[in-house]
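As you go down the protein sequences, you meet chains E and A in turn.
Counted the way the working numbering counts, the first sequence spans residues 1 to 298.
Counted the way the working numbering counts, the second sequence spans residues 299 to 596.
Here is the structure we will look at, set down as structure tokens.
Protein chains: 2
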Amino acid sequence: MDKLRVGYIGLGAMGKPMALNILKAGFPLTVFNRTVEKAEELLTAGAEWADSPADLARRSDVVFTNVSNTADVLSVVLGQSGVREGVRPGMIFVDNSTISPTGSREIYESLRALGVSALDAPVSGGEIGAQNGSLTIMVGGDAESLELVRPILNAVGKKITHIGGAGAGQIAKAANQIMVAAQMVAEAELMIFAQKAGADPVKVIEAIKGGAAQCWTLDVKPQRLFAGNRTPGFKASLQAKDLAIVMETARQNLMSLPGTAVSAQLFNALCAMGEGDLDNSAVIRVIELLNNEALQTA
Amino acid sequence: MDKLRVGYIGLGAMGKPMALNILKAGFPLTVFNRTVEKAEELLTAGAEWADSPADLARRSDVVFTNVSNTADVLSVVLGQSGVREGVRPGMIFVDNSTISPTGSREIYESLRALGVSALDAPVSGGEIGAQNGSLTIMVGGDAESLELVRPILNAVGKKITHIGGAGAGQIAKAANQIMVAAQMVAEAELMIFAQKAGADPVKVIEAIKGGAAQCWTLDVKPQRLFAGNRTPGFKASLQAKDLAIVMETARQNLMSLPGTAVSAQLFNALCAMGEGDLDNSAVIRVIELLNNEALQTA
Numbered sequence: 001m002d003k004l005r006v007g008y009i010g011l012g013a014m015g016k017p018m019a020l021n022i023l024k025a026g027f028p029l030t031v032f033n034r035t036v037e038k039a040e041e042l043l044t045a046g047a048e049w050a051d052s053p054a055d056l057a058r059r060s061d062v063v064f065t066n067v068s069n070t071a072d073v074l075s076v077v078l079g080q081s082g083v084r085e086g087v088r089p090g091m092i093f094v095d096n097s098t099i100s101p102t103g104s105r106e107i108y109e110s111l112r113a114l115g116v117s118a119l120d121a122p123v124s125g126g127e128i129g130a131q132n133g134s135l136t137i138m139v140g141g142d143a144e145s146l147e148l149v150r151p152i153l154n155a156v157g158k159k160i161t162h163i164g165g166a167g168a169g170q171i172a173k174a175a176n177q178i179m180v181a182a183q184m185v186a187e188a189e190l191m192i193f194a195q196k197a198g199a200d201p202v203k204v205i206e207a208i209k210g211g212a213a214q215c216w217t218l219d220v221k222p223q224r225l226f227a228g229n230r231t232p233g234f235k236a237s238l239q240a241k242d243l244a245i246v247m248e249t250a251r252q253n254l255m256s257l258p259g260t261a262v263s264a265q266l267f268n269a270l271c272a273m274g275e276g277d278l279d280n281s282a283v284i285r286v287i288e289l290l291n292n293e294a295l296q297t298a
Numbered sequence: 299m300d301k302l303r304v305g306y307i308g309l310g311a312m313g314k315p316m317a318l319n320i321l322k323a324g325f326p327l328t329v330f331n332r333t334v335e336k337a338e339e340l341l342t343a344g345a346e347w348a349d350s351p352a353d354l355a356r357r358s359d360v361v362f363t364n365v366s367n368t369a370d371v372l373s374v375v376l377g378q379s380g381v382r383e384g385v386r387p388g389m390i391f392v393d394n395s396t397i398s399p400t401g402s403r404e405i406y407e408s409l410r411a412l413g414v415s416a417l418d419a420p421v422s423g424g425e426i427g428a429q430n431g432s433l434t435i436m437v438g439g440d441a442e443s444l445e446l447v448r449p450i451l452n453a454v455g456k457k458i459t460h461i462g463g464a465g466a467g468q469i470a471k472a473a474n475q476i477m478v479a480a481q482m483v484a485e486a487e488l489m490i491f492a493q494k495a496g497a498d499p500v501k502v503i504e505a506i507k508g509g510a511a512q513c514w515t516l517d518v519k520p521q522r523l524f525a526g527n528r529t530p531g532f533k534a535s536l537q538a539k540d541l542a543i544v545m546e547t548a549r550q551n552l553m554s555l556p557g558t559a560v561s562a563q564l565f566n567a568l569c570a571m572g573e574g575d576l577d578n579s580a581v582i583r584v585i586e587l588l589n590n591e592a593l594q595t596a
């Protein structure tokens, strides 16, 4: 059996290395991006260029998207010259973007009417994970479609979980962000708390990181903050965007999430300060301002 | 050199197994407790009984306390027939209770006037850690005093960190509880969020626990909650008490901790419902009520 022909739309910080890994795994690849310059490395490596999402779909068996938000995905898939105009029955569509579960369900229904199976497959693991193919992928949609594209996903991720029907991948990603945001806020609050109360936050982190508070966040982020390093990693503006999806989904489903609501407001504040391009751990900047206290740096 | 004679006051769920481990390590032990029945196992094992904290202090080189709250420690140490009445210069006092940093500093100053060095040494690791001697111990006070009693602490803990001066151990413990509480609340919110939005929370936890959200909490607590098991572990009422210490310390030092403030309120709500004797992960009961949704159990 010939290898599936893959199309990849959206060659940003995540999409470009993921598309490269798919190409390296031997899948014939066609790409599209709003700004053509970002495709150069891929074209040099052997990928082909499509003039539109519809054109890309006509030349592919499986179409991936990886763009910024719900509106962008809907436009690229359902808009003029979008993916939907180029599909044929039996194709599979995979969205690696993090968008609202309702957006993913709308795409699923729209493409199903044309005999196309859509998977929402948001990822976790950041740019490093995208580059070395070690992403966590949370998948919603038809399980049999996931099995058909799993050989492609294996080129970009190391843990691929089928969560449930359309939108379930987005729900899992949103749930993931609830915990990540809570840890970032708690890390910031506990370090400023310790320092302002008179204890050395370096020693406090060292003492507590192996106990009941243990988490990946405490394992890697404090040492970067103590070194004055607030570059991403994972951008605070994306954390804020993902928390907005959580709160929008919560409202649609009549949910109350008091802790997450506060996390979302603190990340919004960081973005309001013009610091959204920093790492998500930089939410400590908001806690520093609230407490008139700057974290010590080495 | 003869082994230091140890006195241990407060033989509750934590203090009793800790005192037993000190006795097993070969230190001559005298004990005191409000209710004498809780001392029986220790007396059978070779410990001696003291009629009051003052009496216990007279017969010891190092005096430990492990009681419920700041007022109890102050009473046992500074009150009538308290430890302070029985001390002599050169002795060391070690408080394993989790109390306010200001309470620890008050005791430090009061005992220092009599030539006694006080260490605040709260622990983390729960009843299991107390039983098998694997506690994390965060120590405030004079570093040289810690070195003198370290052979005794080695019998109860595996990670012993000197954080700083008097009260610094309590600050570290409070900081630890900021992160633990945040994780408990986030775990609860993300599981109810996922379930109510239509995804299987079991699969969501499985997908996210190894990624950026990784933490000891997600490693051990969801499987207990899915099994309907909400027994402690670490009691929610103690989590609420420790968060009250955080917020009191924050107020004294003019701090603003928006995330922790919400965590404290949710644990207060759990206690208000009469559920404070459950595990701290049972804070999901509050999130369940707020969302009119019960977590699925196996």
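Cβ coordinates follow ideal geometry from the N, Cα and C atoms, glycine included.
Helix, strand or coil at residue i [DSSP, three-state]
{"i": "Gly140/E", "result": "strand"}
{"i": "Thr333/A", "result": "coil"}
{"i": "Glu573/A", "result": "coil"}
{"i": "Gly126/E", "result": "helix"}
{"i": "Glu293/E", "result": "coil"}
{"i": "Thr529/A", "result": "coil"}
{"i": "Phe325/A", "result": "coil"}
{"i": "Leu318/A", "result": "helix"}
{"i": "Val94/E", "result": "strand"}
{"i": "Val283/E", "result": "helix"}
{"i": "Gly377/A", "result": "coil"}
{"i": "Ala118/E", "result": "strand"}
{"i": "Leu341/A", "result": "helix"}
{"i": "Val365/A", "result": "coil"}
Selection from the options that minimises the alpha carbon distance to residue i
{"i": "Val560/A", "options": "Ala182/E, Leu238/E, Ala213/E and Ala194/E", "result": "Ala182/E"}
{"i": "Asp353/A", "options": "Ala337/A, Val329/A and Val365/A", "result": "Val329/A"}
{"i": "Glu109/E", "options": "Met191/E, Asp61/E, Val77/E and Thr161/E", "result": "Val77/E"}
{"i": "Gly652/A", "options": "Val454/A, Leu372/A and Asn566/A", "result": "Nothing about residue 652/A can be read from this structure; chain A reaches only from 299 to 596."}
{"i": "Thr161/E", "options": "Ser443/A, Met489/A and Val500/A", "result": "Val500/A"}
{"i": "Ala470/A", "options": "Ala207/E, Ala174/E and Leu29/E", "result": "Ala207/E"}
{"i": "Asn474/A", "options": "Ala510/A, Leu541/A and Ala495/A", "result": "Leu541/A"}
{"i": "Asn33/E", "options": "Ser68/E, Arg5/E, Lys3/E and Lys24/E", "result": "Ser68/E"}
{"i": "Val483/A", "options": "Val414/A, Gly413/A, Asn578/A and Leu555/A", "result": "Asn578/A"}
{"i": "Lys24/E", "options": "Leu11/E, Tyr8/E, Gly46/E and Gly12/E", "result": "Gly46/E"}
{"i": "Val581/A", "options": "Ala596/A, Leu536/A and Arg303/A", "result": "Leu536/A"}
{"i": "Asp2/E", "options": "Leu43/E, Phe27/E and Leu135/E", "result": "Phe27/E"}
{"i": "Lys494/A", "options": "Tyr8/E, Asn66/E, Arg5/E and Pro101/E", "result": "Pro101/E"}
Contacts that residue i makes with chain A (C-beta to C-beta distance below 9 Å)
{"i": "Phe193/E", "result": "Ile469, Ala472, Ala473, Ile476, Val544, Thr547, Ala548, Asn551, Met553, Leu555 and Thr558"}
{"i": "Leu290/E", "result": "Met553, Ser554, Leu555 and Pro556"}
{"i": "Leu266/E", "result": "Pro556 and Gly557"}
Neighbour flag for residue i against chain A, beta carbons, 8 Å
{"i": "Ser100/E", "result": "no"}
{"i": "Met14/E", "result": "no"}
{"i": "Arg80/E", "result": "Correcting the residue identity first, residue 80/E is Gln in this sequence and not Arg. No, its Cβ sits nowhere closer than 8 Å to a Cβ of chain A."}
{"i": "Ala121/E", "result": "no"}
{"i": "Leu29/E", "result": "no"}
{"i": "Ala168/E", "result": "yes"}
Residue-chain proximity (residue i, chain E), Cβ-Cβ < 8 Å
{"i": "Trp347/A", "result": "no"}
{"i": "Ser561/A", "result": "yes"}
{"i": "Ser422/A", "result": "yes"}
Chain E residues whose Cβ lies nearer than 9 Å to that of residue i
{"i": "Gln481/A", "result": "Met179, Ala182, Gln183, Ala186, Ala212, Ala213 and Cys215"}
{"i": "Leu282/A", "result": "Lying outside 299 to 596, the shown extent of chain A, residue 282/A is not represented and no answer is given."}
{"i": "Pro439/A", "result": "For the record, residue 439/A in the displayed sequence is Gly; it is not Pro. None at all; the shortest Cβ gap to chain E is about 12 Å."}
Chain E residues whose Cβ lies nearer than 8 Å to that of residue i
{"i": "Glu504/A", "result": "Thr161"}
Contacts that residue i makes with chain A (C-beta to C-beta distance below 8 Å)
{"i": "Gly164/E", "result": "Gly496, Ala497, Asp498 and Lys501"}
{"i": "Leu243/E", "result": "By Cβ distance, chain A contributes nothing, its closest Cβ being about 12 Å from Leu243/E, past 8 Å."}
Under 7 Å by beta carbon: chain E residues contacting residue i
{"i": "Met436/A", "result": "Ala207"}
{"i": "Glu487/A", "result": "Ile178, Leu257, Gly259 and Thr260"}
- Message: Between the stretch 75–95 of chain E and the stretch 137–149 of chain E, can you find at least three pairs of beta-carbon atoms closer than 8 Å?
- Response: Yes, the stretch 137–149 of chain E touches the stretch 75–95 of chain E.
- Three or more C-beta pairs closer than 8 Å, one from the stretch 546–562 of chain A and one from the stretch 278–291 of chain E: is that the case here? Judged by Cβ distances under 8 Å, the stretch 546–562 of chain A makes contact with the stretch 278–291 of chain E, as three or more pairs qualify.
- Stretch pair the stretch 31–49 of chain E + the stretch 14–23 of chain E: three plus CB contacts closer than 8 Å: Yes, the stretch 31–49 of chain E touches the stretch 14–23 of chain E.
- Message: Across the stretch 113–123 of chain E and the stretch 217–231 of chain E, are there enough close Cβ pairs to call them in contact, namely three or more that are closer than 8 Å?
- Response: Taking a cut-off of 8 Å for Cβ pairs, the stretch 113–123 of chain E and the stretch 217–231 of chain E do not touch, as fewer than three such pairs fall below it.
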